[in-house]
Amino acid sequence: MSATTETKAIPEPSKQKMSMSTVVLLSFAAGIGFGLFFGETLAWMSVIGDAFIKLLQMTIIPYIIVSLISSLGNLTYAQAKSLGVKVGKLMLIIWLFGLVVMYSIKYTFPEWEAGEFFSLTALDDPNSVNILDLYIPSNPFFSLSQSYIPAIVLFCVATGIALISLDDKESLMKPMQLLGASFNKVTQYIVKLMPIGIFAMTAATAGTMDFEEFQKLQVYFAAHVVMTIILTYWVLPAILATFTPFSYRDITGIAKDAMITAFAAGNIFIILPLLIERTKELFHKYDIGSEDTDDYANIIIPVVFSFPNLGKLLTIVFVLFAAWFSGSELDFFTYFPMAVNGLISLFGSVYLTIPMLLDSLELSSDLFQLYMVSSLFTSRFTSLLAAMNIFILAVGGTAMLAGIAKISMKRLMFYSALTPVIMGATLLGTGLLLDSIVNTEYKMDKVVAQMTTSTELPEQVISYQKAESQEKNELRDITAIKESGVLRVGYNPIQVPFSYFNESDQLVGFDIELMKRLALELDVDIEFVPYQIDTALNAINAGQFDIGVSGIQMTTLRLQHLAFTNPVLTLHYTLVVKDHRADEFQNNAELAKRKLKFASVGQYSITPYLINKYPNWQFDTIESDKTFFVDDGNTWDGLIISLEAGKTWTMLYPSYTTLYNREEIKSFPASYVVAMENPTLVNFMNSWLELQRSAGYVDTLYDYWILGQNAQPKKPRWSVIKDVLHWIE
């Protein structure tokens, strides 16, 4: 028998498969790259991202229902009470630390001069949060259909607690546990599609976000990111490490895939099952896991999800940014009550909370639009912090309920000593970085000075600015104006934003543009005749010009001497004062005792009311609003003006601010005037103005000159494929 030599094949070393978190991160990076390359052409991919999110959300509410009811039903009353007390204490500690730490980010903000156009939201009442509708499931099926998670959780908690005292509940518990396992299985299948969903979402976001918007918000982005990192990877793990046996590395590492998924998707709802599993895994890794700890994890995470977490509380950072952006100083004694109020309102929706907080600080609610833009970026970091917060509550709460929580004095001293050092160094570095890279040059005055027209008008509309009319002064109806070929318009040359000269020495403004429209439609030229406030009445009645404009207020006194058209705009009174004096005007009782001096262009209708309310105040008439600002506070304490115009002036002079009382805003009509003896021209102007309103042209001018829309024209979104390779237009 001959020996045969058998050669055994040497197995090739198996290739290590990439983890899901790695694949998700690569998809996230690829999405950013594709978005920058293809730009706005990838906007359609947001549909894929939305579809993926909906798939992930499909099983979450059913999972919460069966998980909460079955887990609570297996507890005793003592265990349920202990869960509420102990987890509640930990939640309060985390909220307190979070609010205090978040305030520190304001010290990284660079010096900044702020200014903004008038916003209609300044006149709106703040939205209120209806806690009852959100939290009490009067109709559980309605709450389910509306995805009111807090109400659903309350229903499940009540049902689960009721099951505690029932016998023969196993016939219900077993099917519910099986349903929970099946929902979890479905989620695992859907998670395999995550790289596709994450790629689509990030590509669409990176492709559509405007770079100018990103630049404007870079201070907020930096503050949000830094605060997320500090809270997620230091403060929260440090709190947990001081009273549990788990190491800092395990706390921050074991739920890494859940954190990355929350970050990449910008959604914590979809990772609740993952957080539950990682909480169980951490206890079993230390050989202290049991069925009880597993049940605690099943209960705690769905319950605490319904409470405000530090991710939601990061909206406080935006409010701090908004105060800085608006040029307002926010001290801690103002901040903390505001932040607590925000915490309570966050039981509802962040989309109601932010406008409410902005209003409480007398900041323009229009800043909420900045939040909406920034959330495309910050939602990732918000979700990361929220995920860690929920995970810490689950682990800490489970440890306390299982009786293994004990404060380690050694760890407590270590983290207490190291935290100020780490936070101080991080905040100092962030502040220095922002000072060096953020351009805080004030530009809003240039925006106003560079404004020209909201729409292009044909060249045949000719303006004879400051010209002397060659015609004999006479009162002319529309027929005479047409025959002469020239429309004469009287204007105040420094009445921002109605009539003023921009930096190119062009006469511009709301009224100027509307009058040019009138000249175009009459097919006549237009002559702009400057007037002075004290001679305007005689000038119009003497026929020096046909129509008087420049945001003229209709008053009882003026009605006796001039013919007014129907109101063109409704404006609102405000006081303009120096920024540093704004606090002086908050106490009405004190104001009534003080001798103050106020200026106004002409006699406003509100003046008698103010004289009666504040008898010690003195009121002076000035030639132009600009006179007040040029005076620089030497003569007058404040200026009475329309809120709409006041906002524009404070952009030109950013050391001033507008003050108004939402509870007591007084409005007044602004109209055009013609001579008292010229009723046919008044009738024509009323009908013509109604035509312009119906056509939407008055709204177009209002949006541009008053609200500032497109005052800074948007440039097409930059992308490699368009601006570098020039493959598309």
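Just so you know, the working numbering puts 135 at position 146 of the sequence shown, and the rest follows in order with no gaps. Beta carbons: idealized from backbone N, C-alpha and C, even for Gly.
Alpha carbon to alpha carbon, how far is residue i from residue j?
i: W716; j: P705; result: 15 Å
i: T217; j: T371; result: 7 Å
i: N128; j: F272; result: 38 Å
i: Y453; j: F534; result: Residue placement at Y453 is poorly supported in this model, since its pLDDT is 43, which falls under 50; the coordinates are not used for a value here.
i: S644; j: W223; result: 40 Å
i: V513; j: D466; result: 14 Å
i: A32; j: G186; result: 14 Å
i: T233; j: N298; result: 21 Å
i: I53; j: Y178; result: 18 Å
i: M9; j: G498; result: 58 Å
i: A151; j: Q68; result: 14 Å
i: R400; j: F618; result: 59 Å
i: I743; j: I396; result: Since the first residue shown for the chain is -10 and the last is 718, residue 743 is missing from the structure and cannot be characterised.
i: Y124; j: L261; result: 20 Å
i: D614; j: F657; result: 17 Å
i: E100; j: I483; result: 30 Å
i: I695; j: L14; result: 45 Å
i: L721; j: F587; result: The displayed coordinates of the chain run from -10 to 718. Any statement about residue 721 would go beyond what the structure contains.
i: V671; j: P326; result: 54 Å
i: G149; j: L263; result: 22 Å
i: F553; j: W313; result: 43 Å
i: P184; j: A140; result: 32 Å
i: Q449; j: L680; result: For Q449, the predicted structure reports a pLDDT of 38, less than 50, and the residue's modelled location is therefore unreliable. A value from the coordinates is still provided. So the two alpha carbons sit approximately 22 Å from each other.
i: A375; j: Y404; result: 22 Å
i: S708; j: A19; result: 15 Å
Looking at the unbroken alpha helix (DSSP H) that takes in residue i, where does it start and where does it end?
i: Q68; result: Y66 to Y92
i: G242; result: Y237 to G242
i: I50; result: I49 to G62
i: V306; result: T304 to F314
i: Q135; result: Neither: Q135 is in no alpha helix (DSSP H) and is coded neither H nor E.
i: S35; result: S35 to Q46
i: V687; result: Y686 to L690
According to the Cβ coordinates, are residue i and residue j closer than 8 Å?
i: L72; j: I288; result: yes
i: V557; j: I515; result: no
i: G540; j: A634; result: yes
i: T387; j: T241; result: no
i: Y603; j: A581; result: yes
i: H550; j: K655; result: no
i: G537; j: N462; result: no
i: G331; j: T304; result: yes
i: A193; j: G24; result: yes
i: G38; j: A195; result: no
i: I522; j: V590; result: yes
i: V215; j: T408; result: no
i: L546; j: Q592; result: yes
i: I379; j: V293; result: yes
i: I42; j: N256; result: yes
i: L423; j: V208; result: yes
i: L347; j: K95; result: no
i: G77; j: L229; result: no
i: K471; j: L511; result: yes
Taking the beta strand (DSSP E) that residue i belongs to, which residues open and close that run?
i: D494; result: Looking at the DSSP string, D494 is not in any beta strand (DSSP E), and its letter there is neither H nor E.
i: L564; result: L558 to K567
i: K586; result: K586 to S589
i: R477; result: V475 to Y480
i: S660; result: S656 to V663
i: D720; result: With the chain covering -10 to 718 only, the question about residue 720 has no answer from this structure.
i: D413; result: Note that residue 413 is Gly in the sequence shown, not Asp. Unbroken run through G413 is the alpha helix (DSSP H), M398 to I426; no beta strand (DSSP E).
i: L648; result: Y645 to L648
i: S708; result: Premise fails: S708 is in no beta strand (DSSP E) and is neither H nor E.
Below 8 Å on the Cβ atoms is my contact criterion, and I expect residue i with residue j to pass it. Report the Cβ-Cβ distance as a whole number of Å.
i: T563; j: I630; result: 6 Å
i: I343; j: Y360; result: 6 Å
i: P520; j: N481; result: Here residue 520 is Tyr; the residue named in the question, Pro, does not match the sequence. Yes, they are in contact, since the Cβ atoms of Y520 and N481 sit about 7 Å apart, within 8 Å.
i: Q166; j: S59; result: 5 Å
i: L356; j: S317; result: Contact flag wrong, Cβ pair sits at about 11 Å.
i: M377; j: M248; result: 6 Å
i: L168; j: V55; result: 5 Å
i: T282; j: A391; result: 5 Å
i: L416; j: T65; result: So it is not a contact: roughly 47 Å between Cβ atoms.
Completely contained alpha helix (DSSP H) runs for the region 567 to 642, where each covers 4 or more residues
577 to 582, 596 to 602, 614 to 620 and 632 to 641
Ranges of the alpha helix (DSSP H) found wholly within the region 158 to 232, counting only runs of at least 4:
The region 158 to 232 contains these whole alpha helix (DSSP H) runs: 159 to 180, 183 to 197, 200 to 205, 207 to 219 and 225 to 230.
Completely contained alpha helix (DSSP H) runs for the region 245 to 290, where each covers 4 or more residues:
Fully enclosed alpha helix (DSSP H) runs of 4 or longer: 245 to 254 and 261 to 274.
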